[in-house]
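Novice: Take a look at this one; I'll ask things after.
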Amino acid sequence: MTTVSSSPLRDRLELERGRIALGGVHALVRLLLDQRRADARRGLRTAGFVSGYRGSPLGGLDQQLARDAKLLEGNDIRFIPGVNEELAATAVYGSQLAEHLPGPRYEGVFGLWYGKAPGVDRSLDAFKHANWLGTSALGGVLAVVGDDPSCKSSTLPSATEGALAEAFMPVLVPGSVADLLRLGRHGFEMSRFSGAWTGFKVVTDVADSHEIVAAEPVADPVLPEFAWRGRPWRPTRRPGVDLKDTTSLEPEVLEGRLQAAAAYAAANGLDRIEGADDAALGLVAAGRTYLELREALDRLGLDDAALARRGVRLLRLAMIHPLDRDRIRAFARGLREIVVVEEKRGFVEAQIRDVLYDQAERPAVYGKYGPGGAALVPPDGGLDADRLVTALARFLADRVGAEHVDLRDPVLAPRKPAINLLAPARTPYFCSGCPHNRSTVVPDGSVAASGIGCHVMTVFQDRSIGTTQMGGEGAMWVGAAPFSGTGHMFQNLGDGTFFHSGSLAVRQAVAAGTNITFKLLYNAAVAMTGGQDADGGTDPAAITRMLHAEGVAKIVVVADDPSRYPRGTAWAPGVRVRHRDDLDAVQRELREIPGVTVLLYDQACAAESRRKRKRGLVPDPRTRVVINEAVCEGCGDCGVKSNCLSVEPVETEFGRKTQINQTSCNKDYSCVDGDCPSFVTVTPGEKKARPSLPEIGELDEPEARPGTADVLLVGIGGTGVVTVNQVLATAALIDGLHARALDQTGLSQKAGAVVSHLRIGDADRDRPGMVGAGGADAYLVFDALAGTAEPNLRRCAPGRTAAVVSTSEVPTGRMITDMAAALPPSASLVQRIADRTDAGRLVALDALALAERWFGGTTTANLIVVGAAYQAGLLPLSAKAIEEALALNGVQVAANVQAFRAGRRLVLEPDWAAGPAPAAAESAPRPLDATAPAATALVEASGAEGELARVLRIRVPDLAAYQDLALAKRYLDAVLRVARTEREAGGTEQRLAVAVARNLYKLMAYKDEYEVARLHLDPALARRVEEQFGPGSTVSYMLHPPLLRAAGLDRKIALGRTARPAFRALRAMRRLRGTPFDPFGAAAQRRAERRLVTGYVAVVNELVARLRADRIDLAVRIAELPDMVRGYEEVKTANIARYEEALGELLAAWRAQPVEPAGTAARTS
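The letter at position 780 of the sequence shown is residue 780 when you use UniProt numbering, and the numbering goes up by one with no holes.
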């Protein structure tokens, strides 16, 4: 076992020799320090400067630079984030001026610019001007570009090498974290030597990777003896370029500096030729694509030795522009064919053709197209080993002989037609309590456009249309408006985008006189990339003054808490502040005002608020929200109102209900809106005692552990999947093993499916971090729904992969708002995984339930799964190393270690986790009264059996308590008559009788004022509140009383202890229900509820009168329709209309086929 210091975070930046675990983004921070240390070793007094703009896959770089600011500044490296990419590039351009200005403090300043691909497009003019200026002799600039070829976290897929070349930069392409350090150092030195900025293309799968690398100084560069136009090379360096010098410098910029860069690359051996000396076929690739190519060749049976035997030569490019012409010609010598493997267009392919064009003997050059113009290397998406095996297998077999190529790879097997009966998918969604859940809703009849930021997810939710580049929001409507009959558009605009460049779009709309309302979503954080402050940002009051100065016609501020703005806040003239409850009215008002209006929606990012609360930076609201499940109708209105993932559906004896996930709830309270009386707010009492941690000591080790393993981890974004992957990679470091991890997240960080790869094994094999098709040895499934996605299952193989699956059910975003959406049965998900893995080794457990029981929350659930995987012998790591890695991680160390051990123990002792037996299903989950024994006796005397008897034992006593024993008897008699008729018709399973029992009960026990009062008085609610929030917790009932509603009150009020006497009075009055003395009986909804009961009884009479065995299925469908009748007030009224429409359609189908009755039909009463 390797000894790892107690400060691995410091080591990964400061340790100069040794093994370190390093992520792609962290490597860029270390690169700056490595360059500074290298200069110091050579006696050079240099400094560093960094500027750029965040964006995936480099989204966390600015955060890391800010965290390490003290260390960086101690090494004379200054970080100043850019307001946007273009201005950041100009600032870095300025760093090369320092030595030309009076009083230079350093001999040179090396600069690093960073940004994602769209930032390159925005910054091209700045890049060109900077390259014309040139770099300083002891400075140099690295332009680090985050490319997203697979479009994981971008609006468009990208490949920026062409743009960088157009800016006259040489372009380096690292393929791994180690490459980031090595080639990054060469990038700075190349820039110094050539006088040009060096482009540095970092693709997503490199930036998001995490590897164990050898930290050691890169050898000092070799500076070539290079002459240009007959003179020793010395680039022009000047503090600026006058117009008269522009054309005179053009030959140097376009030719000399690029040739100097190529000479540097050649002298330092950046490009490498591998494989056979005597070869007929050559393969060319760069960066990560080269590693994917080698992985594909390995899978096809063409390892190093086989390549040499079969006459295949490889060229691994580090610099893809300009190419080293001599190296290309040397590589091509003797070859008959060359295949260039690269993503997107044929950038390198065209250059190689150009280099070889005038050669007397030149090979055929293929890439995007092969012999005869047939498609060869795909131009779309990313190129991983799976796609390359598919693309190249037949081509290679034809060249080296099919007998020498392994064509058994899983991706080459004929694909069976995909039959996906498990329709739900886990797609990205807003965080619980996210302001965008409410702020992005527009009034009926209006249209909204999307933009850059978290709010882009409104496109998935059918709340907005399209999107534009960052900063273009709203400008597209300027061009569309003159030609559209739509008179107005809402445009979502994030505050980060507004400060970046979006303010110009507002100015454009004002200049054009366009009718548009910008919804400026001010949440005080750039949440998409980690919650940073918006650079160049200011407060809402200052924004309104800016907008007023631009000529905006009307500005309204909408806030979740208007009281935070004191009297005298310096708003622009005419600005009003409204509560977010008034959002719809404000939008309707603004859309009628000609010209440009702005709705500034001010509410803090929920995720950032949660982090700040944990750190004590902002107050943590004490109020919690609970749903009384007994009162809840499961209508989904709270999900529609809040759009919040913490409002979770749950299946109960009485159908689908809703509960609040207290672990994920961010205390937005939007779910309380609406007319549902089931919501209760709680002020916690005495601090709830945490569950005592399971004290699990040393455990027996697995019988065997593998020496290497390719591990696939699948879960839900935001639940710690990436953290688990990094913990395991750190454990590999501690154990002295090599590991390469890759986290595929992107937008999936927002509650979507996250996939992480971990390859633990041979350090000598320079291969990608992604697990290929059929290549997973271990499949750790933290979410069963995500685990059944075909792209993940494709990486498994029945004869190879062992799975550990959490069976916990976590609702999808769609399930929050669509009551028809549901998860497939857990057993079916597990079976699907078992079918694609080694079923005999599969381990299944409910990790969330176990974590909640043992640790009082679900944050440790993933470690339970990891523990089970370890004990099942799936990980080539020691338990000691994993626990040490958890300690180094420094979060909930004791709980996480015990969770890991608990997972291990579950495998050793499967019955160890068995909890107390659940309460008998026959016991009624509702408050009963003195009539219960008599009601139960009625059921026992009825002769009902099986599931029907179980359903009746619950519902008959409850109906007696609901009103009286007579109502319960009427219900029981009706159900028993259906059961007798069903038996006579040949129905042996009692499906129709059970359906009627459930649904007649539902209609008869409608939740009026009396019933809501009875259910809120249930002692079980008080016990549940005390268990969750501690003794002494106080409860308030969130109600919208009819009298106050009629008086014009449009929202709920909180009633505390004073509500309980009123509840008791209402409960005592329940026997007035439906009588002439019922004070609520004349209300339209109460009349409708009574009408539903009599109507349903008539429908059931019609069904049993014409029942036959072959018609039972349709009869059951009709009998189950009342389940649609859910909710309160307007929601229930709308659902009644839907029910009656569906009932009419199915009854028409029933009546369309007249049949003779099976016998004398008994009628229900």
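We put the beta carbon where it would ideally sit given N, CA and C, even for glycine.
Does the stretch 599–614 come into contact with the stretch 511–523, if we say contact requires no fewer than three beta-carbon pairs (one atom in each stretch) closer than 8 Å?
Specialist: These segments touch.
Novice: Using three-state DSSP, classify Leu172 as helix, strand or coil.
Specialist: In the sequence shown, counting from the first residue as 1, residue 172 sits at position 172. Leu172 carries a strand assignment under DSSP once its states are collapsed to helix, strand and coil.
Novice: How would you write the range of the alpha helix (DSSP H) that Ser248 sits in, first residue to last?
Specialist: For the purposes of this step, residue 248 is taken as residue 248 along the sequence shown, with counting starting at 1. Taken as a continuous stretch (DSSP letters only), the alpha helix (DSSP H) holding Ser248 covers 243–251.
Novice: Give the DSSP-derived three-state secondary structure of Asp444 in the structure shown.
Specialist: Position 444 of the sequence shown, counted from the start, is the residue given in the question as residue 444. Reduced to three states, the DSSP call for Asp444 is coil.
Novice: At the level of alpha carbons, what is the spacing between Arg656 and Ala776?
Specialist: If you number the sequence shown from 1, residue 656 lands on position 656. If you number the sequence shown from 1, residue 776 lands on position 776. Roughly 37 Å separates the two Cα atoms.
Novice: Can you tell me whether Ile716 is buried or exposed? The criterion is at least 16 other CB atoms within 10 Å of its CB, across all chains shown.
Specialist: For the purposes of this step, residue 716 is taken as the residue at position 716 of the sequence shown. It counts as buried.
Novice: Give me whichever residues DSSP pairs with Leu758 in a beta bridge.
Specialist: For this step, residue 758 is matched to residue 758 along the sequence shown. In the DSSP secondary-structure assignment, Leu758 is bridged to Val711, Ala741.
Novice: Let me check understanding here. Comparing Cα to Cα, which of Val506, Val575, Leu1066, Leu124 lies closest to Tyr1010?
Specialist: To locate residue 1010, count along the sequence shown from 1; it is residue 1010. Of the candidates Val506, Val575, Leu1066, Leu124, the one whose C-alpha sits nearest the C-alpha of Tyr1010 is Leu1066.
Novice: Using 8 Å for Cβ pairs, my map puts Ala885 next to Val727. What's the rounded Cβ distance?
Specialist: Taking the sequence shown and counting its residues from 1, one reaches residue 885 at position 885. Taking the sequence shown and counting its residues from 1, one reaches residue 727 at position 727. So it is a contact: roughly 5 Å between Cβ atoms.
Novice: Which whole-angstrom value describes the C-beta separation of Leu142 and Leu112, a residue pair presumed to lie in contact below a C-beta threshold of 8 Å?
Specialist: By 1-based counting over the sequence shown, the position of residue 142 is 142. By 1-based counting over the sequence shown, the position of residue 112 is 112. That pair is a contact at about 5 Å.
Novice: Taking buried to mean at least 16 other C-beta atoms within 10 Å of its own C-beta, is Thr1164 buried or exposed?
Specialist: Counted from its first residue, the sequence shown places residue 1164 at position 1164. The predicted model places Thr1164 with a pLDDT of 48, which falls under 50 and marks its position as unreliable, so this point remains unresolved.
Novice: What runs of the beta strand (DSSP E), each 3 residues or longer, lie entirely inside the stretch 479–541?
Specialist: 489–494, 516–522
Novice: Using beta-carbon positions only, say whether Ala792 and Val682 come within less than 7 Å of one another.
Specialist: Walking along the sequence shown from the start, residue 792 turns up at place 792. Walking along the sequence shown from the start, residue 682 turns up at place 682. It is Asn, not Ala, that sits at residue 792 in the sequence shown. Taking C-beta atoms as the reference points, Asn792 and Val682 fail to come closer than 7 Å.
Novice: Would you identify the three-state DSSP class for Val1116, choosing helix, strand or coil?
Specialist: Numbered from 1 along the sequence shown, position 1116 holds the residue referred to as residue 1116. DSSP places Val1116 in helix when its eight states are reduced to three.
Novice: Going straight from the alpha carbon of Glu562 to that of His579, what length do you get?
Specialist: The residue given as residue 562 occupies position 562 in the sequence shown. The residue given as residue 579 occupies position 579 in the sequence shown. The question names Glu, but residue 562 in the sequence shown is Pro. Roughly 6 Å separates the two Cα atoms.
Novice: Using a Cβ-Cβ cutoff of less than 8 Å, which residues in the same chain neighbour Ala393 once the five nearest sequence positions on both sides are dropped?
Specialist: Counting from one through the sequence shown, the residue named residue 393 turns up at place 393. Around Ala393: Leu300, Val405, Leu407, Asp409, Leu412.
Novice: If you compare alpha carbons, which of Leu297, Asn643, Thr544, Leu959 is closest to Phe498?
Specialist: Counted from its first residue, the sequence shown places residue 498 at position 498. Out of Leu297, Asn643, Thr544, Leu959, Thr544 has the C-alpha closest to the C-alpha of Phe498.
Novice: Do you know whose CA, among Glu211, Gly269, Gly697, Pro424, lies nearest His26's CA?
Specialist: In the sequence shown, counting from the first residue as 1, residue 26 sits at position 26. Residue Glu211 is the option with its Cα nearest to His26.
Novice: Distance check for Arg310 and Lys116, CA to CA, integer angstroms please.
Specialist: Here the question's residue 116 lines up with position 116 in the sequence shown. Here the question's residue 310 lines up with position 310 in the sequence shown. Looking at the two C-alpha atoms, the distance is approximately 41 Å.
Novice: Just the Cα atoms here: how many angstroms apart are Thr817 and Gln461?
Specialist: Walking along the sequence shown from the start, residue 817 turns up at place 817. Walking along the sequence shown from the start, residue 461 turns up at place 461. Computed Cα separation, rounded: 10 Å.
Novice: So Thr652 is in the beta strand (DSSP E); what residue range does that whole segment cover?
Specialist: Taking the sequence shown and counting its residues from 1, one reaches residue 652 at position 652. First-last of the beta strand (DSSP E) with Thr652: 647–652.
Novice: How would you call Leu1049, buried or exposed, if buried means at least 16 neighbouring beta carbons within 10 angstroms?
Specialist: Indexing the sequence shown from 1 puts residue 1049 at position 1049. The residue is exposed, with fewer than 16 neighbouring Cβ atoms inside 10 Å.
Novice: Excluding the 5 residues preceding and the 5 following Ile452 in the sequence, name in chain order all residues of the same chain whose CB lies nearer than 6 Å to its CB.
Specialist: In the sequence shown, the residue the question calls residue 452 occupies position 452. Only Met470, Thr497 meet the Cβ criterion.
Novice: Using DSSP with H/G/I as helix, E/B as strand and the rest coil, what is Ala821?
Specialist: Sequence index remark: in the sequence shown, residue 821 carries index 821 (1-based). Note: Ala821 maps to coil in three-state DSSP.
Novice: Count the other CB atoms within 10 Å of the CB of Thr1058; is the residue buried (16 or more) or exposed (fewer)?
Specialist: On the sequence shown, residue 1058 is found 1058 positions in, with the first residue counted as 1. With fewer than 16 Cβ atoms within 10 Å of its Cβ, Thr1058 is classed as exposed.
Novice: Under DSSP, the beta strand (DSSP E) around Thr658 begins and ends at which residues?
Specialist: As a position in the sequence shown, residue 658 is number 658, starting the count at 1. From DSSP, the beta strand (DSSP E) with Thr658 extends over 655–660.
Novice: Among the residues of its own chain, which have a CB less than 8 Å from the CB of Leu972, if the five just before and after it don't count?
Specialist: Start at 1 with the first residue of the sequence shown, and residue 972 comes out as number 972. Closer than 8 Å at Cβ, skipping near neighbours: Leu938, Val939, Ser942, Leu952, Val956.
Novice: Run through DSSP, which three-state label would Val598 get?
Specialist: For the purposes of this step, residue 598 is identified with residue 598 of the sequence shown, where counting begins at 1. In the structure shown, Val598 sits in a strand (DSSP, three-state: E or B).
Novice: Would Thr1133 be called buried (16 or more neighbouring beta carbons within 10 Å of its own) or exposed?
Specialist: Indexing the sequence shown from 1 puts residue 1133 at position 1133. By the neighbour-count rule (16 or more Cβ atoms within 10 Å), Thr1133 is not buried but exposed.
Novice: Rounded to a whole number of angstroms, what is the C-alpha to C-alpha distance between Gln359 and Phe347?
Specialist: Within the sequence shown, the letter at position 359 stands for residue 359. Within the sequence shown, the letter at position 347 stands for residue 347. Approximately 20 Å between the Cα atoms of the pair.
Novice: What is the residue span of the beta strand (DSSP E) that Phe347 lies within?
Specialist: In the sequence shown, residue 347 corresponds to position 347, counting from 1. First-last for Phe347: 347–356, but that is the alpha helix (DSSP H), not the beta strand (DSSP E).
Novice: Buried or exposed: which applies to Arg67, given that a residue is buried once 16 or more other Cβ atoms fall within 10 Å of its Cβ?
Specialist: Working through the sequence shown from its first residue, we reach residue 67 at position 67. Classified as exposed, Arg67 has fewer than 16 neighbouring CB atoms from the shown chains inside 10 Å of its CB.
Novice: List, from N- to C-terminal side, the alpha helix (DSSP H) runs of 4 residues or more that fit wholly inside the stretch 1072–1106.
Specialist: 1084–1105
Novice: What residue range is occupied by the uninterrupted alpha helix (DSSP H) comprising Tyr962?
Specialist: Counted from its first residue, the sequence shown places residue 962 at position 962. Per DSSP, Tyr962 belongs to the alpha helix (DSSP H) from 946–962.
Novice: With a Cβ-Cβ cutoff of 7 Å, do Val631 and Val1012 count as a contact?
Specialist: Residue mapping note: residue 631 aligns to position 631 of the sequence shown, counting from 1. Residue mapping note: residue 1012 aligns to position 1012 of the sequence shown, counting from 1. Yes. Within cutoff.
Novice: Ends of the alpha helix (DSSP H) at His210?
Specialist: Locating residue 210 in the sequence shown gives position 210, counting from the first residue. No alpha helix (DSSP H) holds His210; the beta strand (DSSP E) holding it covers 209–215.
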